[in-house]
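For reference, the structure discussed in these notes is given below.
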Amino acid sequence: MTGFPWLTVLIILPLLGAVAVFVVKDTSVRLTALSVTLVDLVISLPLWWLFDATSGQMQFLESAAWIPSLSIAYRLGLDGISLPLVLMTTILMPLCVLISWHAVETRLRSFMAVLLIMEGAMIGVFAALDFVLFYVFWEAMLIPMYLLIGVWGGPNRLYAAIKFFLYTLAGSVLLLVAILVLYFQGGHTFDILELSRQTYPLSLQTWLFFAFFAAFAVKVPMFPFHTWLPDAHVEAPTAGSVILASVLLKMGTYGFVRFSLPMLPDASRLFTPLVVVLSIVAIIYGAYMALAQTDLKKLIAYSSVSHMGFVTLGLFMFNIQGIEGAVMQMVNHGITTGGLFLCVGMIYERTHSRQIADNIGVTKPMPRYAIFLVIFALSSLGLPGTNSFVGEFMILAGTFLWSKAATAFASLGIILAAAYLLWMVQRVAFGTPAPHTLQKLSDLNHREMATLLPLGILIFAIGLFPNPLLSRMHATVEQVIARVVPASHQQTSVPSMLGQPTSSRHNYWGSTFDMVQASPADPIGNLPFTEQQGERP
Amino acid sequence: MTFSAADLFLVLPELLVITAACVVLVLDPVLRTSDKDSLVWLSLATLAVCMGLTASQMGTSSSIFSGLVVIDTYGVFWKLLLYFVTGLTILLSYSYLREERLYFGEYYGFILLSLCGMMVMVSAADLLTIYLGTELMSLSLYVMTGLKRKEPRSLEASAKYFVLGAFSSGILLYGISLLYGATGSTRLPAIASAIATQGFTDPLLLFSTILLAVGFGFKLAVVPFHMWTPDVYQGAPTSVTAFMAVASKTASFGAFLRVFVEGLNGVKADWSAIFLLLCLATLIVGNIVALVQTNIKRMLAYSSIAHAGYALIGVVAAGRLEHSSGLASVLLYIALYTFMTFGAFAIVAMLRKGTLEGEEIEDFTGLAKRHPLPALLMLVFMVSLAGIPPTAGFIGKLYVFRSAVEAGMAWLAAIALLFAAISAYYYLRIVMVMYMREPIDGTDPAPRLVMSPTLSIVLACAVAGVVIFGIYPNPLVNLALQAVLTLK
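Chains A and B are the protein sequences, given in the same order.
The working numbering numbers the first residue of the first sequence as 2 and each following residue consecutively.
The working numbering numbers the first residue of the second sequence as 612 and each following residue consecutively.
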């Protein structure tokens, strides 16, 4: 590993870019923003290969004193959970700039500056290893996002912007108090790794769990804290929706897996049923709401509620399948839903409507567009071969070990997802178009192709070859599990499903489980996976 | 009473300020109108010299004039802050008075007199000396509030301020006299040792503590002694409002902390409980009432009330903690509050609607289109006032909440944070109006911001403070920690 401060560069570069867009010529504002995000992407890519997948430790560590009187330090680092999320962010940001190329004409400089500030802050959230630093990045996101919705948003943007802002701010009220309480309980440090190594009394854990829960559940958003999401999505400009859906929501689930699980393991186990129930409600309720929507963005927004329900469900299963599936699904949802929002943005640029009724039958005039729309929709409903299938399947497999009933209910979400997505595709792609809309529908140009293509490739890349991603998070997830389920609990907390461990080499992404099998000392490695799991529940 | 020439050297900054004030007052009628700018430069030069002198007193600790006054790092901290604020006020007033067509050379004289009063307040170790400082500060402020003598609102504000101020001074004096009765002295160290030796049983002691809390409560504008604040802040010329909201509050906190921590340390459980009630009331009323204001000066008045509430959290914590980190958080909070509040008032002062002040929140509509940079600065100030990182306001809140949690009052921090989230609504309303509403065409005359070089300097200083201390607060933190160490 080199001593190069990768993460600092990744965070600082967009922030400098935000200043740069104010000084360049009018004509090169877009290009500057694009180059900054692309350079950031290029810098982030080597991390994928430099990352040591065999280690669950934090890597690319950076540390410097920041506010010594409070022992707050500038600590950054990545592990197998944050690495994919950082890369997802750097991949999505150039696309956000591209989709805004012509969609945003007013106050372009400020718009690009806001996007770039967001990028810096989002990477900061995922890379921060100091709790106060994390909180700073976490909160610093709010104002740019507020402006993004409020200044460049739709007709009802003022309401949506303030609702988004107040919901998330109110959610994180207790987070800061919890951080301060941990500081005094955990030996006067804000070091996340240090705080994660300690044990706290259960009463305190309970209290802290709900403080964390309020902050993270609003962000995810979990039912019943989700009501800000459809408003924010509908009013936000396309780039805002993409950032919101793909990255911001992940900050909530990332919070759970980074803080709630390792720091408050007893409380996490105690409140698993609560989280599971809320997740399943979110899965089914979100899907039902999506069925009823006539606005494309609202439909995808509610589908996000449903899909994020899977993620929270998987996280609280405390087994390899559940958590790896959840982290994987965080990335997948970012790619797939990001793609869907990009698609909606493109059609909106043409017809100036997001209503399904106004965008019917685009296949004939826009064949390339239709291909991408169908790919993203199929990925979103979890078709085998696409990324979401792997993630959702692993989550359901993990859930199956915990409760068959829960799995059954959660699976309803997948059926419903197929319903609302296929119905949407049926109308938008294959309906009979109204004649007056036809002339507006020109097919994708090169810029738009370049925007969608990377996501389309990633969908299949992850769907067919999930192992590079899974292997990088494996060691980290094992550590999280070891933390949340102490050795004494492991045997009992993972009841045997079918009795005998079997080899799962012929599973089609079996290599994951090979890795699990490869460590016989680990009781989780003996999960009873059989051929049955190849079936869709 | 002993007296030595060496003592005079230690109060040289005070002497210089009062001399400059007299010179300004005398020169004003003599000078031609075109030469009156020189009074501004004279005042600023005085401040610069004083700043140097005071900074050189850092680390000293000497009790002079038989213990009436102490020169210590604690006083130095507040004085440096006061010079800074006064300098900004003078720069702002230079543009503001011109815009308002108020040509009074005395204005600068009164600012300096008021400053002198504040300097006495923060370095006095005797209750009567503190009282003298308070009166000098307040009397100058009463006059400055009524400076727009053709405007009924300004006069009303002045009268109201005077009556309530005199009333509160009376209560303060009453408390001082009772405390003298209970302990036999007005010197803070003597009071402290008297309380330590005779115990806390005397009900007179508790009663005088309450009266002192009430008296200072008026000066700090904490609920329920805040009634004067909105009217006075709204009626006074905006530059004076800024001065009051920042400097007067700073000095009052300086004196108030010294009295309670140094003099009444023995009854800190009692005053901690009193201030806990005041703190909760202040947080609730300040933040809730600010939500419904339509006039920005009134809104900022309630905001300044609310911020006194946050600072009081540190005071409450200080009353329960053995060491001084709680106190340091108060100093830090007030210092950081200075930058953001002054910056906000500076922009309000220079927003014009024709020849009048644009002081309705609606007048900010579309400011981002017409004046992008000042609008951005206003955004930074509002975000900082709301306590959102990475700004100074967050660092201030982090430190006071940390003290609260350390003192075992995580619930208080949670309540305060809840109200901080509520406060975000009214601060962001300004941002919303500036950025998300189109300028209303046809309103005649359209509000505009009058930029001037001095205003630019003021804004640059304020925003630099907000951003730099928001990201790297260490210098200020260390200064605050050093300052509180000198309090016994």
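All residues carry an ideal CB built from backbone N, CA and C; glycine is no exception.
Worksheet entry | Nearest-angstrom Cα separation, counted from G1007(B) out to Y509(A) | A caution first: Y509(A) carries a pLDDT of 40, below 50, which makes its placement in the model unreliable, though a value can still be read off. Approximately 55 Å between the Cα atoms of the pair.
Worksheet item: Taking Cβ-Cβ distances below 8 Å as the criterion, which residues of the segment 148 to 161 of chain A are in contact with chain B?
Response: Listed by position along the chain: L148, G151, V152, R158, L159.
Fill in: Counterpart residues of K964(B) in DSSP-defined beta bridges
L967(B), P1058(B)
Worksheet item: Going by the C-beta, is P1058(B) closer than 8 Å to any heavy atom of the ligand SAH?
Response: Looking at this structure, you won't find the ligand SAH or any other ligand, since it has none at all.
Discussion item. So, for D813(B): in the same chain, excluding its five sequence neighbours on each side, which residues have a beta-carbon less than 6 Å away from its beta-carbon?
Written reply: Take D813(B), set aside five residues on each side of it, and the residues of its chain with a beta-carbon closer than 6 Å to its own are A793, in chain order.
Worksheet item: At a Cβ cut of 7 Å, what residues of the segment 844 to 859 of chain B count as close to chain C, listed as they run along the chain?
Response: Among the protein chains in the structure shown, which are A and B, there is no chain C.
Discussion item. Ignoring anything shorter than 4 residues, give me the alpha helix (DSSP H) runs that lie fully in the segment 360 to 443 of chain A, in order along the chain.
Written reply: 368 to 381, 388 to 403, 405 to 431, 436 to 439
Practice prompt. Can you tell me which of the three DSSP states Q60(A) falls into?
Written response: Residue state, collapsed to three classes: strand.
Discussion item. Distance check for L658(B) and Y694(B), CA to CA, integer angstroms please.
Written reply: 6 Å
Worksheet item: So, S381(A) versus S304(A), is the Cβ gap smaller than 9 Å?
Response: yes
Worksheet item: Would M1043(B) count as contacting chain A if we go by Cβ distances under 9 Å?
Response: yes
Worksheet item: Do you know whose CA, among L177(A), S111(A), P95(A), V276(A), lies nearest F132(A)'s CA?
Response: L177(A)
Fill in: Contact belief for G383(A) with I415(A) at Cβ below 8 Å, rounded distance in angstroms
6 Å
Fill in: Residue environment, C633(B), which counts as buried when at least 16 other CB atoms sit within 10 Å
exposed
Worksheet item: Using Cβ-Cβ distances below 7 Å, what residues of the segment 178 to 203 of chain A are close to chain B?
Response: V178, L181, V182, F185
Practice prompt. Report yes if the C-beta distance between S751(B) and F721(B) is below 9 Å; otherwise report no.
Written response: yes
Practice prompt. Pick helix, strand or coil for I999(B), following the three-state DSSP scheme.
Written response: coil
Worksheet item: If you count every other CB in all the chains shown that lies within 10 Å of the CB of E933(B), and 16 or more means buried, which is it?
Response: Counting Cβ neighbours within 10 Å, E933(B) comes out exposed, since fewer than 16 surround it.
Item to complete: Assign F609(B) to one of two classes, buried (16 or more other C-beta atoms within 10 Å of its C-beta) or exposed (fewer than that).
Response: In the structure displayed, chain B extends from 612 to 1099; residue 609(B) sits before or after that span and is not available.
Worksheet item: Using Cβ-Cβ distances below 9 Å, what residues of the segment 69 to 90 of chain A are close to chain B?
Response: The residues in question are P69, S70, L71, I73.
Worksheet entry | Assumed close pair V696(B), A858(B) - CB separation to whole angstroms, cut-off 8 Å | 5 Å
Discussion item. So, with DSSP's three-state summary, where would you put L679(B)?
Written reply: coil
Discussion item. Between N898(B) and chain A, is the shortest Cβ-Cβ distance under 9 Å, so that the two count as touching?
Written reply: no
Item to complete: Along the beta strand (DSSP E) that carries Y1083(B), what are the first and last residues, could you check?
Response: Segment: none, Y1083(B) is in no beta strand (DSSP E) and carries neither H nor E.
Discussion item. I'd like the list of long-range same chain contacts for V126(A), defined as Cβ closer than 6 Å, with 5 residues on each side in sequence excluded.
Written reply: F138, W139, M252
Worksheet item: For chain A, is any of its Cβ atoms less than 9 Å away from the one on P985(B)?
Response: no
Item to complete: Taking only beta carbons into account, state which residues of the segment 248 to 273 of chain A come closer than 7 Å to chain B, listed in chain order.
Response: none
Worksheet entry | Between the CA atoms of S645(B) and K771(B) - distance to the nearest angstrom | Approximately 35 Å between the Cα atoms of the pair.
Discussion item. Suppose you measure from the CA of F272(A) to the CA of F112(A); what does that come to, to the nearest Å?
Written reply: 41 Å
Worksheet item: Taking Cβ positions, are A268(A) and I100(A) nearer each other than 9 Å?
Response: No; because the gap between Cβ atoms is not below 9 Å, this pair is not in contact.
Fill in: Residue nearest to T338(A) in terms of C-alpha spacing, selected from L262(A), L245(A), I348(A)
L245(A)
Worksheet item: Would the segment 726 to 745 of chain B and the segment 798 to 805 of chain B be scored as touching if the rule is three or more Cβ pairs under 8 Å?
Response: yes
Fill in: L48(A), DSSP secondary structure in three states
Residue state, collapsed to three classes: helix.
Fill in: F514(A) versus P47(A) - alpha carbon distance
At F514(A) the pLDDT is 43, less than 50, meaning the model places this residue with poor confidence; the figure from the coordinates comes in the next sentence. Near 27 Å, if we compare the C-alpha coordinates of P47(A) and F514(A).
Discussion item. Measuring straight from C-alpha to C-alpha, what distance separates I1026(B) and A1015(B)?
Written reply: 11 Å
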